[in-house]
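All remarks here apply to the structure that follows.
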Amino acid sequence: MRDLIATLDQWAPENPRVALATVVRTAGSTPRPAGARLAVTGDGRMAGSVSGGCLEAAVVEEGLRTLAGTEPARLLHYGIADELGWSVGLACGGEVDIFIEAWAWQPADPLVAGLRAALAADRAVALCTAVGGPAPGTRALGDDRAVAGELADTLGAAALSAAVAARLRSGLPGVDDVGGVPVFIDPLVPASHLVIVGAVHTGAALARLAKAIGYRVTVVDPREAFCTPERIPDADSLLVEWPQRALARLELGPRDAAVCLTHDPKFDDPTLRALVATAVGYIGAIGSRRTQATRAARLAAEGVGETDLLRVHGPVGLDLRAATPEETALAILAEVVAVRRGGSGGRLGRPAAAAAPSGGG
Numbered sequence: 006m007r008d009l010i011a012t013l014d015q016w017a018p019e020n021p022r023v024a025l026a027t028v029v030r031t032a033g034s035t036p037r038p039a040g041a042r043l044a045v046t047g048d049g050r051m052a053g054s055v056s057g058g059c060l061e062a063a064v065v066e067e068g069l070r071t072l073a074g075t076e077p078a079r080l081l082h083y084g085i086a087d088e089l090g091w092s093v094g095l096a097c098g099g100e101v102d103i104f105i106e107a108w109a110w111q112p113a114d115p116l117v118a119g120l121r122a123a124l125a126a127d128r129a130v131a132l133c134t135a136v137g138g139p140a141p142g143t144r145a146l147g148d149d150r151a152v153a154g155e156l157a158d159t160l161g162a163a164a165l166s167a168a169v170a171a172r173l174r175s176g177l178p179g180v181d182d183v184g185g186v187p188v189f190i191d192p193l194v195p196a197s198h199l200v201i202v203g204a205v206h207t208g209a210a211l212a213r214l215a216k217a218i219g220y221r222v223t224v225v226d227p228r229e230a231f232c233t234p235e236r237i238p239d240a241d242s243l244l245v246e247w248p249q250r251a252l253a254r255l256e257l258g259p260r261d262a263a264v265c266l267t268h269d270p271k272f273d274d275p276t277l278r279a280l281v282a283t284a285v286g287y288i289g290a291i292g293s294r295r296t297q298a299t300r301a302a303r304l305a306a307e308g309v310g311e312t313d314l315l316r317v318h319g320p321v322g323l324d325l326r327a328a329t330p331e332e333t334a335l336a337i338l339a340e341v342v343a344v345r346r347g348g349s350g351g352r353l354g355r356p357a358a359a360a361a362p363s364g365g366g
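For the sequence shown, this note's numbering puts the final residue at 366, and the numbers step up evenly by one.
As structure tokens, this is what we get:
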């Protein structure tokens, strides 16, 4: 949706009424993920994509029927045959559900204005649309404080707010059952934030990998000689100050992560005390098991509770038998993603119990 707003605003003076097609469910191998959208005007202008090309003509035709008033808002199901899948670069077929609705896109509409304001402020917001039930196409807009709109009035703000909160935490769009009505919730969220404490070699590699998968990266280190753009070119920001002071200004939430790589008690301990006081979704600290135990004992003596200590992942990262700073960074980032997505971090090819010991590498 984010990518369509400028085009919809441009069309609005002449063509405020558009058909909006949205991928709301996928199964198997599909060209576009849930949340992909295609907008169509009555005179045939198009923006966006729901299929990478293989379904576009059929979806445009359905959209034009909706604009003509001959078809209401509705959910369509498409199965992509294997031969069609190959034509768009897929190894196997898949299935998609696409919801088509008419939308009078007016910048003064409270929902449109709220959506645009949230995105301009880089604030997380979720667009909710009923894709079934008695009134498909009714909408609401929600954030971590409230949900408003016709759909919230119909289903109840409390029930819809709970579903919105879960989607904002995960950042993943999808269909939820809210009071017996299927609702597509599309969270439009800022990039997740990774804070790396320690401008060391592993930190530089971690910053590079995290940027590649879409994280916003901040590196904190009070040592001016370490925390430089030449050493950490991939960070969005470099903070040359004591970590606990920097962390006091950074608003970290459940979708964010922080990793302490300094391996020095004068940095580690105040950093971890500051982090467990936040809502950050992942906390990692480098060091051996013995280091972790010693550190935990120090923090406990300083009043950090057992529940907070258990939030610290250490030794940090998955067991990849990492042998280089780059491999260590990969192991760390893999655990960050696994924790965020609720994955086990095990091998996909066979159960963990059946996995043979690795010889290294």
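Ideal Cβ positions, reconstructed from N, Cα and C, are used throughout, including at glycine. Keep in mind it's a predicted model, so treat the numbers as computed, not measured.
- The stretch 70-147 contains, as complete alpha helix (DSSP H) runs of 4+ residues, the segments 87-92 and 115-125 (chain order).
- Boundaries of the beta strand (DSSP E) around Ala24: Arg22 to Gly33.
- Inter-residue distance for Ile291 and Leu120 is about 40 Å (C-alpha atoms, whole angstroms).
- If only complete runs of 4 or more residues are kept, the stretch 297-335 shows the alpha helix (DSSP H) at 311-314, in order along the chain.
- In the three-state reduction of the DSSP assignment, Phe272 falls in the helix class, which pools H, G and I.
- Annotation: Ala253 to Ala279 spans about 7 Å, alpha carbon to alpha carbon.
- Within a 10 Å sphere around the beta-carbon of His82 sit fewer than 16 other beta-carbons, which makes this residue exposed.
- Distance from the Cα of Lys216 is smallest, within the candidate group Pro192, Pro238 and Cys232, for Pro238.
- Taken through DSSP and simplified to helix, strand or coil, Asp182 comes out as strand.
- The shortest CA-to-CA distance from Val136 to any of Glu340, Arg30 and Asp158 is the one to Arg30.
- Scanning its chain for C-beta atoms nearer than 7 Å, with the 5 sequence neighbours on each side dropped, one finds around Leu214 the residues Ala334, Leu335 and Leu338, in chain order.
- Leu132 and Val117 have their C-alpha atoms roughly 10 Å apart.
- Boundaries for Arg174: no beta strand (DSSP E) harbours it, while the alpha helix (DSSP H) harbouring it runs Ala162 to Ser175, taken from the DSSP string.
- Nearest to Val222 by alpha-carbon distance, out of Leu244, Val101, Leu156 and Leu325, is Leu244.
- Approximately 12 Å separates the beta-carbon atoms of Gln297 and Pro270; this is outside 8 Å, ruling out the contact.
- According to the DSSP assignment, Leu244 belongs to the beta strand (DSSP E) that extends over Ser242 to Leu244.
- Here Ile218 is exposed, its C-beta having fewer than 16 other C-beta atoms within 10 Å.
- A direct Cα-Cα distance of roughly 5 Å separates Ala26 from Arg42.
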